[in-house]
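Engineer:
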Amino acid sequence: LISTILADAWQRNQDIDIGQIIQRIQTPPMTRIGMLDVESFYPPKDRFDLAMQLNNLLAAPGFSLWFEGEPLEINKLLFSEKGKPKVSIFYTAHLNDAQRMFFTSLLLNQIVGWMRTQSGTTSLRSILYIDEVFGYLPPISNPPSKIPLLTLLKQARAFGLGIVLATQNPVDLDYKAISNAGTWFLGRLQTERDKARVIDGLEGASLSGEQQFSRQNMEQLLSGLGNRVFLMNNVHDDAPTIFETRWALSYLRGPLTREQIKVLAEPMKKQWKETLPSQPTPPSPLGPISSGTPSQAISQIPIIPPEIPHYFIPSTQSLSTNQPSIYHPYLLGAAQIRFTNTKTKLDQMKDVIFLTPVTDEPIAVNWENSQQTTMNLSDLQKTPPANVLYAGVPTAALKAKNYSMWETDFTNWLLKTQKIELYKSQNLNSVSMIGETDRDFRIRLQQLAREKRDEEVTVLRQKYAQKYAKIDEQLRRGEIKVQEHEV
1 LISTILADAW
11 QRNQDIDIGQ
21 IIQRIQTPPM
31 TRIGMLDVES
41 FYPPKDRFDL
51 AMQLNNLLAA
61 PGFSLWFEGE
71 PLEINKLLFS
81 EKGKPKVSIF
91 YTAHLNDAQR
101 MFFTSLLLNQ
111 IVGWMRTQSG
121 TTSLRSILYI
131 DEVFGYLPPI
141 SNPPSKIPLL
151 TLLKQARAFG
161 LGIVLATQNP
171 VDLDYKAISN
181 AGTWFLGRLQ
191 TERDKARVID
201 GLEGASLSGE
211 QQFSRQNMEQ
221 LLSGLGNRVF
231 LMNNVHDDAP
241 TIFETRWALS
251 YLRGPLTREQ
261 IKVLAEPMKK
271 QWKETLPSQP
281 TPPSPLGPIS
291 SGTPSQAISQ
301 IPIIPPEIPH
311 YFIPSTQSLS
321 TNQPSIYHPY
331 LLGAAQIRFT
341 NTKTKLDQMK
351 DVIFLTPVTD
361 EPIAVNWENS
371 QQTTMNLSDL
381 QKTPPANVLY
391 AGVPTAALKA
401 KNYSMWETDF
411 TNWLLKTQKI
421 ELYKSQNLNS
431 VSMIGETDRD
441 FRIRLQQLAR
451 EKRDEEVTVL
461 RQKYAQKYAK
471 IDEQLRRGEI
481 KVQEHEV
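Per the numbering used here, the sequence shown starts with residue 1, numbered consecutively.
1) Excluding five sequence neighbours on each side, which residues of the same chain lie with their C-beta closer than 6 Å to the C-beta of P329?
2) So, do the segment 208-227 and the segment 249-261 have three or more beta carbon pairs nearer to each other than 8 Å?
3) If we call anything under 8 Å between Cβ atoms a contact, is A98 one with E132?
4) Which residue comes first and which comes last in the beta strand (DSSP E) that contains A335?
5) Roughly how many angstroms lie between the CA atoms of E70 and K270, to the nearest whole one?
6) For F339 versus W367, is the C-beta distance shorter than 8 Å?
7) To the nearest angstrom, how far is the alpha carbon of N412 from that of V457?
8) Between P144, S179 and Y136, which has its C-alpha nearest Q155's C-alpha?
9) Less than 8 Å between the C-beta atoms of P148 and M101, yes or no?
10) Taking C-alpha atoms, which residue in Y136, P306 and R228 lies nearest to F185?
11) Please determine, among L231, R193 and R197, the residue with the shortest C-alpha to C-alpha distance to T183.
12) Starting from S325, trace the beta strand (DSSP E) in both directions and tell me its first and last residue.
13) Determine the direct distance from the alpha carbon of N55 to that of R193, and round the result to whole angstroms.
14) Whole angstroms is fine: what's the gap from I301's alpha carbon to A9's?
15) Tell me, please, which residues DSSP counts as bridged to W184.
16) For the beta strand (DSSP E) containing A166, name the first residue and the last one.
17) Where in the segment 75-147 do unbroken runs of the alpha helix (DSSP H), each at least 4 residues long, occur, reported from the N-terminal end onward?
18) What residue does the alpha helix (DSSP H) around T411 start on, and which one ends it?
19) Ends of the alpha helix (DSSP H) at K467?
20) Quick one: using the 10 Å Cβ neighbour count with 16 as the cut-off for buried, is I111 buried or exposed?
21) Assign R125 to one of two classes, buried (16 or more other C-beta atoms within 10 Å of its C-beta) or exposed (fewer than that).
22) Could you please give me the residues that DSSP links to V431 through a beta bridge?
23) Who are Q381's beta bridge partners in DSSP?
24) Measuring CA to CA, which of L153, E436 and F63 is closest to N109?
25) Are the segment 40-57 and the segment 11-26 in contact at 8 Å, needing three or more beta carbon pairs?
26) Does M349 come out as helix, strand or coil in the three-state DSSP assignment?
27) Exposed or buried, Y136, counting other C-beta atoms within 10 Å across all chains shown (16 or more means buried)?
28) Where does P44 fall in DSSP's three states?
29) Measuring alpha carbon to alpha carbon, tell me which of K382, M405, N341 and M268 ends up nearest S88.
30) For Q20, which three-state DSSP category applies?
31) For T357, which three-state DSSP category applies?
32) If you run the structure through DSSP and keep just helix, strand and coil, what is L1?
33) Should A60 go down as buried or exposed, given a rule of 16 or more other Cβ atoms within 10 Å for buried?
34) Output the distance between the C-alpha atoms of L65 and W114, rounded to the nearest integer angstrom.
35) Inspect the beta-carbon positions of L72 and I18 and report whether they are closer than 8 Å.
36) Please report the distance separating the alpha-carbon of I420 from that of T374.
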């Protein structure tokens, strides 16, 4: 039921919140779900119980806090308004277990949704880093966070999203999922059980790589790790790498209290409120509808010749007066415009819908007076709503032959007036798409530049691979001679 309500709002290009969902559960906007009518599919009593459950959630004292702050839009969390990359930190240590799982699962699902809107790439686009993944990817149970996290581990890299997971609890992880990771960094493991679990995961990961995996060799390497010594296992390398980190001084503050979080977040919260854009009122597609009772308005639908198609725009506006809505005759023009340019390799489509009044003037239809509308053709209805009045229809609108002429005028008017403004990068020889903002175009250019850079790096690596191999061999022989000399 809720999915159908959301789909209906999506098709109508309507925003919908939880309060409106509750109202539509009680009074569904559709009459059927699949082949069954709504009353049979979901009886009123059951709908009322469902609405009460959602209302209890909405009325909970702590739930209102989740409606505050910056919207959870991944694109805006990764890039600034000028298209520059930025870091977004989500701190959840102060939340209880249920709230932490709720938010983390919501964030992961939002990231999955954003990821699937991106194009495939071999270059790294962004990184998701989770500090302590314990509890979100357990080996047995299936918390809400597990499915989206597993999806990211399997698919994210193909979309240019890297996943970095850190934990101090190597036993309590689903290593069938973790085996999708290509690079592992391992420190000292305290127990044999920890080593066994990690080795199982490494063995699973090696199946997709090029190296031959040896459990005995890996166990010896892990057992021999000392302080500040780590093992890096990359499935694309021939063998694991042992490395030692430098001494590092870090003032680890530990978990923050709620008051400390408030102090840290206050400047950013203030800045966010100052830069919060005002919500513009979307243009209403209901231009042909007004209120009032002029003397020319009638209660009966005007008689229109059957060869002239005519539709009604549904009235969703709420009038403060008790006067009925009045429908006026408008001409609707819908077109799909194709913009092409061989020089810039431009070939893009744009859908437009315009409404213009039909009058009794010498020029009955003038597209210069039209207004573009945001409604969809699927919004048009064959039957009018109840309790409305109708303005008179001009004589020109009742003659079918005029419509072919108006269609030609509409086409010529579009050719003369419709233009698009695009951005172009000379260095990358790339042109923005229709509707793509300067910010989004800059973000896309950054990704194109990274892909170009990675291609050049790959060529250089292949070029110098043999030279590096020769130098490595010389170093190895030199080290052997030094050892023999010392002996």
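C-beta atoms are modelled at their ideal positions from N, C-alpha and C, and glycine is treated no differently.
Structural biologist: Taking the structure as given:
1) V358, V393 and A397
2) no
3) No, they are not a contact pair.
4) First-last of the beta strand (DSSP E) with A335: Y330 to N341.
5) 12 Å
6) no
7) 51 Å
8) Of the candidates P144, S179 and Y136, the one whose C-alpha sits nearest the C-alpha of Q155 is S179.
9) no
10) Of Y136, P306 and R228, the smallest CA-CA separation from F185 is found for R228.
11) L231
12) S325: member of the beta strand (DSSP E) spanning S325 to Y327, first to last residue.
13) 47 Å
14) 29 Å
15) N233
16) L161 to A166
17) 97-115
18) K401 to T417
19) D438 to E486
20) buried
21) When all chains shown are included, R125 counts as buried.
22) K424
23) F312
24) L153
25) yes
26) It is a strand residue.
27) buried
28) helix
29) M268
30) helix
31) In the sequence as presented, Thr is not what sits at residue 357; that position holds Pro. Strand, per DSSP.
32) coil
33) exposed
34) Cα atoms of L65 and W114: separation of roughly 24 Å, rounded to the nearest angstrom.
35) I18 sits away from L72, with the two beta carbons spaced by 8 Å or more.
36) 17 Å
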